[in-house]
Amino acid sequence: VHGFVEHLRRVMPDVVLRTSVIAGFPGETEAEFEELVQFARAIEFDHLGVFTYSKQQWTEADGHDDHLPDEVKHERRDRLMTVQQAISARRTQRFVGRKLEMLVEGLGETDDGEPVVAGRTYREAPEVDGVVVAMGVAEPGTKVEVEITAASEYDLFGEIA
Numbered sequence: 016v017h018g019f020v021e022h023l024r025r026v027m028p029d030v031v032l033r034t035s036v037i038a039g040f041p042g043e044t045e046a047e048f049e050e051l052v053q054f055a056r057a058i059e060f061d062h063l064g065v066f067t068y069s070k071q072q073w074t075e076a077d078g079h080d081d082h083l084p085d086e087v088k089h090e091r092r093d094r095l096m097t098v099q100q101a102i103s104a105r106r107t108q109r110f111v112g113r114k115l116e117m118l119v120e121g122l123g124e125t126d127d128g129e130p131v132v133a134g135r136t137y138r139e140a141p142e143v144d145g146v147v148v149a150m151g152v153a154e155p156g157t158k159v160e161v162e163i164t165a166a167s168e169y170d171l172f173g174e175i176a
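Heads up: the sequence shown begins at 16 in this note's numbering, then just goes up one per residue.
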């Protein structure tokens, strides 16, 4: 997998990698969880959703008798999300100073009354990833070019170009 991801990023530098994982699956050992953490560090996903395992009736895992305590599941989720936040912050920074096309989804204004728009680029999935917030005016449903001036772990900020 590592070689394939390296190849993808070499031929498509702006490719966005996203996945979701479950922390605390029945029987998951500390060593197996640490392997997942190291995998996330090596791949550097742009977006990584981490969910704690929850028992679901009628699933194969429902019959397992080695369920982990909730505290362990939550601690593992939090630990992996801490690792991912640093990765996401580093990965979003590469867009600062660049122009990206954004789909406008909402309108607003700053505390000073300046107009802003919110939306997403090709790199944000609706409802689960960050957003782009840009100073300026545009109609929802339109696409605008935004010059990115700042980034946080998950969000991009800029001005309509």
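We treat Cβ as the ideally placed atom computed from N, Cα and C, and that holds for glycine.
This one's a predicted model, so the numbers in the text were calculated from it and none came from an experiment.
### Task
Answer yes or no: do R113 and I175 have a C-beta to C-beta separation smaller than 9 angstroms?
Going by C-beta atoms, R113 is not nearer than 9 angstroms to I175.
### Task
Please check the pair V20 and L32, which I expect to be a contact at CB under 8 angstroms, by giving their CB distance rounded to whole angstroms.
Contact between V20 and L32 is confirmed by a C-beta separation of about 7 angstroms, below the 8 angstroms threshold.
### Message
Report the start-end ranges of each alpha helix (DSSP H) in the stretch 124-154 that is 4 residues or longer and not cut off at the edges.
### Response
With a minimum length of 4 residues, no continuous alpha helix (DSSP H) run stays inside the stretch 124-154.
### Message
Assuming K88 is part of the alpha helix (DSSP H), what are its boundary residues?
### Response
Residues D85 to Q108.
### Message
With a threshold of 7 angstroms on Cβ separation, who are the neighbours of A153 within its own chain once the five nearest residues in sequence on each side are excluded?
### Response
Taking A153 as the centre and dropping the five residues before and after it, the same chain places the C-beta of V119, V132, V159 and I175 closer than 7 angstroms to its C-beta, in chain order.
### Query
Under a three-way DSSP split, which group does R33 fall into?
Strand, per DSSP.
#### Entry: Coarse secondary structure for V52, derived from DSSP in three states
Residue state, collapsed to three classes: helix.
#### Entry: Reduced DSSP category for G64 - H, G, I as helix; E, B as strand; rest coil
In the structure shown, G64 sits in a strand (DSSP, three-state: E or B).
### Query
In the DSSP assignment, what residue or residues form a beta bridge with A166?
Per DSSP, L171.
### Query
What are the start and end residues of the alpha helix (DSSP H) that includes H17?
Residue range H17 to V26 is occupied by the alpha helix (DSSP H) that includes H17.
### Task
Apply the 10 Å Cβ neighbour rule to M27 and answer buried if 16 or more other Cβ atoms are within range, or exposed otherwise.
With a threshold of 16 other beta carbon atoms within 10 Å, M27 falls short and is exposed.
### Message
As a quick exercise: from H79, D81, L23 and A165, pick the residue whose alpha carbon is nearest that of E59.
### Response
If you compare the alpha carbons of H79, D81, L23 and A165 with that of E59, the shortest gap goes to L23.
### Message
Per the DSSP calculation, E116 is bridged to which residue(s)?
### Response
E116 is bridged to E160.
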